[in-house]
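Asks:
In our numbering, the protein residues as written are 3 to 203.
#1: Can you tell which of 49, 32, 55, 36 has the C-alpha that lies nearest to the C-alpha of residue 191?
#2: Tell me, please, whether the segment 39-46 touches the segment 152-172 by the rule of three or more beta-carbon pairs shorter than 8 Å.
#3: Might you give, ordered along the chain, the residues of its own chain that have their beta carbon closer than 6 Å to the beta carbon of residue 175, omitting 5 neighbours on each side?
#4: May I have the straight-line CA-CA distance separating residue 118 from residue 112, to the nearest angstrom?
#5: Mind checking who residue 18 pairs with in its DSSP beta bridge?
#6: If we ignore side chains and look at the alpha-carbon of each, how far apart do residue 193 and residue 124 end up?
#7: Return the bridge partner residues of residue 140 from the DSSP annotation.
#8: In angstroms with no decimal places, state the Cα-to-Cα distance between residue 71 and residue 132.
#9: Under the rule that 16 or more other beta-carbon atoms within 10 Å means buried, what is residue 49, buried or exposed?
#10: Are there 16 or more other CB atoms within 10 angstroms of the CB of residue 104, so buried, or fewer, so exposed?
#11: According to the neighbour-count rule (16 or more other Cβ atoms, all chains shown, within 10 Å of its Cβ), is residue 90 buried or exposed?
#12: Rounded to whole angstroms, what is the Cα-Cα separation between residue 188 and residue 102?
#13: Taking 8 Å as the cut-off, does the segment 142-157 touch the segment 72-89 (at least 3 CB pairs, one atom from each stretch)?
#14: Please report the distance separating the alpha-carbon of residue 157 from that of residue 116.
#15: Which full runs of the alpha helix (DSSP H) of 4+ residues lie inside the segment 47-85, going along the chain?
#16: Check the C-beta distance from residue 130 over to residue 136 and give it rounded, since I have them as a contact under 8 Å.
#17: Taking the alpha-carbon positions, what's the residue 73 to residue 178 distance?
Right under this line is the structure:
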């Protein structure tokens, strides 16, 4: 991006990222599109909402962002956090304290073999991430691993598993990864030091 910008190939350092969700038994990694120097408006609906990138702290070296809250249904899991948005991370990592509240609220536990959040009864509430005053929702169908993909992740049938996992209690312990980004178009704007989201088309 820096080279393209300095060469005049793009007029602004903006990267638009689109992922098509891998649903059912689909495990095709050729499921995305990058737009260099702008966005592809055909890949999202409604308006993009932007949030400033972090200027300090351990997450500021990456695409750092402030998170207003995490919640499961009406249960607040964390009222503030800082983390990074990362297209190269599959899962959604949240701080340990928020993760433990998620397990408690959804009736789950950490699976010993995979390290994933596991549930004997399918969770029914939405998982929500709030940036600024805007809440982004993942339905159970969006934050649970499709049963047809269980063999890909070495997990056994008879339980439900979430893409939401334990990020730890220090350092960069919050990562908004691909399984969130498959549902929301994302924009990385170096020129204006901001990250944007819109509902994926």
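In this text, a Cβ means the ideal position worked out from N, Cα and C, and glycines have one as well.
Replies: Taking the geometry as given:
#1: 55
#2: no
#3: 97, 169
#4: 6 Å
#5: 37, 189
#6: 43 Å
#7: 129
#8: 5 Å
#9: exposed
#10: buried
#11: exposed
#12: 28 Å
#13: no
#14: 7 Å
#15: none
#16: So it is not a contact: roughly 10 Å between Cβ atoms.
#17: 14 Å
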